[in-house]
Structures are given as structure tokens and as C-alpha cells.
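Below is one structure, written out as C-alpha cells; the observations come after it.
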Amino acid sequence: MTPEWIAADCTADHLRLWAMGSEGIFARAEAPVGADPLATLHALAAPWLTEGRQIEVIASGLAPVTALRIVPCTPVATAVPVPSDDSSLSLRLVPGLRQDRPADLTQGAEVRIAGALRVLGDFDGVICLPGLTTVWAHLSAGEVVSFQSFATGSLLAALTGDIAGPLETAAFTESLATTRARPERLAAQIASLRAESLLSGLSATTLRSRATGLFIGAELTAARPYWLGQRVVLAGEGSEPYRLALAAEGVQAETLPEEACILAGLALLHTAG
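With this note's numbering applied, the sequence shown corresponds to residues 7 to 279, in that order.
Here is the structure:
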């Protein structure tokens, strides 16, 4: 079966493709990004292509930094065509967003934000996108007003080797409260936790749960202007720790599935194209 179009999303370590038909998704493919993301994309899409027909591919997370759009602006506007020797593909890349003060950029988050807005409808508030890099974006009147990125997931992965998996709620909550009370001691707390894991043989789940609490506690302190008094929506596979952390601050965050947001955002550009 040949798709009507292909949606693609590239993160720091993974590339995902969805074959889209009139009734939605009919096939998925994914792989590590590799040294050449575009070559990986072509290889993943190959089984869905047929000779003599050109399929549109709209991809997020792959546009060059030179194509970034400056905020405040809508999350997405157009996708940039990419020349290709493969006549079976018409590839368009979605530009990310740029902010100069403080310096920041997105490469993929903009599509998730656009998709979340499409799902939510009229929305003023904050969208938080957990991941290796977590993005907090302030939205008003359909535009991204400002955003702030945090390397929380990357730091957690460096310490524990993993950012996914089950969470020990009690261990997470205790560490969260520790860092919320004394965020300036984060580096010392992490060093102590690492030593304890070696000396006492903490389980991988306990280590990850406590480290997640420490890191997210520090992030919430820094991101306070984004969530305090705001309507907050979480969109991402790692949303649960953030939902628990915000609930501890009296913020009842809404959640949206990441895949639905990605596809809704990319579909906007497919329809516009």
C-alpha cells in the first residue's frame, strides 16, 4: 500500500516515520539517526515508495539552523523544499524557532507545539515538552511568545544511562522536595547520590527515580515564571514525572500524547502544501 504522504520526526538519537493514508496511520518505521539522517530517512521510506509516483515527506527536526524563525511567531508556517536525486520523494523540512535572549532554539518542538494547539483549539498558556531537552513554551494568540530549554533529560541519561522506565513515586517525591528546597545544592546532591549508588548498590529504578526528582526539582525552580499561575499542558513520552512535580506545586497539568501532537503539527503543513 502506497501512502498519501509520509510524516517524519527526528530527535537527537532517533528518527521516526509514519505512512499516512486517508484514514490516518497505516504503517510506522523507526531507526537510530546515524551519521546521515537524510540517508536514514530515505532507507526507512523505501518500502513505501513506488516507481512513477512522487510521495511528499514532511519532516521535523532536520531543518538547518539557518532556516530558524524568530519568536514571537506562529509555531509553524511553511516547510522548506529540499533538492533530491530521488524522484520518488518530495522532501520538505520544517524550520525550528529561534530566540536571542536568552539564546535558544528548537528543532522539532515547534511541530509538537503546533499540533498541541490544533488539538487544544483556543489556548493561552504554557506547553511543556519533556525529552532529552525539555522545552517550556509560552503561547498567546496562537504564537510562541518565548521559550526556555533545559538539558534535564540529557543530564539524567548521562548519570543513569536511561530516562525512561518505571518510577518509584516515593523516592522521586522525596528528591523533588529536596531540590525544590535547596536548588543550589543540586551538584552536591547528585554527587552524593552517585556515591550512594556505588556504595549501597541502589537499584537502577531507585537511582533513576531519585535523580529524576533532583533534576526536575531544579528545573521547576528555574522554570517558575513559565508554570506559576499558568494553564500548563504536557506533551511528551516523559510527561508523568513533570505532572507529579507540578501537582506538588498545586498545578494540575493537562497531558497530550506526543505522537498525536507530532502528526497534527505535520498534517497542518501537508494540508497547507
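The beta-carbon is built from N, C-alpha and C at its ideal position, and this holds for glycine as well.
request  = Go to Ala35, then tell me how far its alpha helix (DSSP H) extends in each direction, as first and last residue.
outcome  = From DSSP, Ala35 is part of no alpha helix (DSSP H) but of the beta strand (DSSP E) over Gly30 to Pro38.
query = Exposed or buried, Val71, counting other C-beta atoms within 10 Å across all chains shown (16 or more means buried)?
reply = exposed
key: the stretch 59–68 / the stretch 87–96 touching (three or more Cβ pairs under 8 Å)   = yes
ask   = According to DSSP, what are the bridge partners of Leu135?
value = Val141
query = With 16 as the cutoff for other CB atoms within 10 Å, does Arg34 come out buried or exposed?
reply = exposed
Collapsed DSSP secondary structure at Ala164 in the structure displayed = helix
request  = Could you name each continuous alpha helix (DSSP H) segment of 4 residues or more that falls completely within the stretch 175–250, going from the start of the chain to the end?
outcome  = 175–187, 192–206, 210–228 and 230–233
ask   = Closer than 8 Å, CB to CB, is Leu199 near chain D or not?
value = Considering every chain present, this structure includes no chain D. It has just one protein chain.
query = For Arg230, is the classification buried or exposed, using 16 other Cβ atoms within 10 angstroms of its Cβ as the cut-off for buried?
reply = exposed
key: Check whether Ala217 and Thr166 have beta carbons under 8 Å apart   = yes
message = Contact defined as beta carbons within less than 8 Å: I believe Thr211 pairs with Gly171. What is the distance between those atoms, to the nearest angstrom?
response = 7 Å
request  = Within its chain, find whatever has a CB closer than 7 Å to the CB of Asp280; leave out the 5 residues flanking it on each side and keep chain order.
outcome  = What is shown of the chain runs 7 to 279, which leaves residue 280 out entirely.
message = Please tell me whether Gly159 and Pro189 are closer than 8 Å, where the distance is taken between their beta carbons.
response = no
Residue from Arg22, Ser66 and Pro78 with nearest C-alpha to Ala51 = Arg22
query = Any idea what DSSP makes of Ile268, helix, strand or coil?
reply = helix
ask   = Are Ser245 and Gly219 touching if we call contact CB-CB under 8 Å?
value = no
Three-state class that DSSP yields for Gly67 in the structure shown = coil
key: Check whether Ala73 and Val86 have beta carbons under 8 Å apart   = yes
request  = Kindly list the residues whose CB is nearer than 7 Å to the CB of Ile292, restricted to its own chain and excluding five residues on each side of it in sequence; keep chain order.
outcome  = Since the displayed the chain opens at 7 and closes at 279, residue 292 lies outside it and no answer follows.
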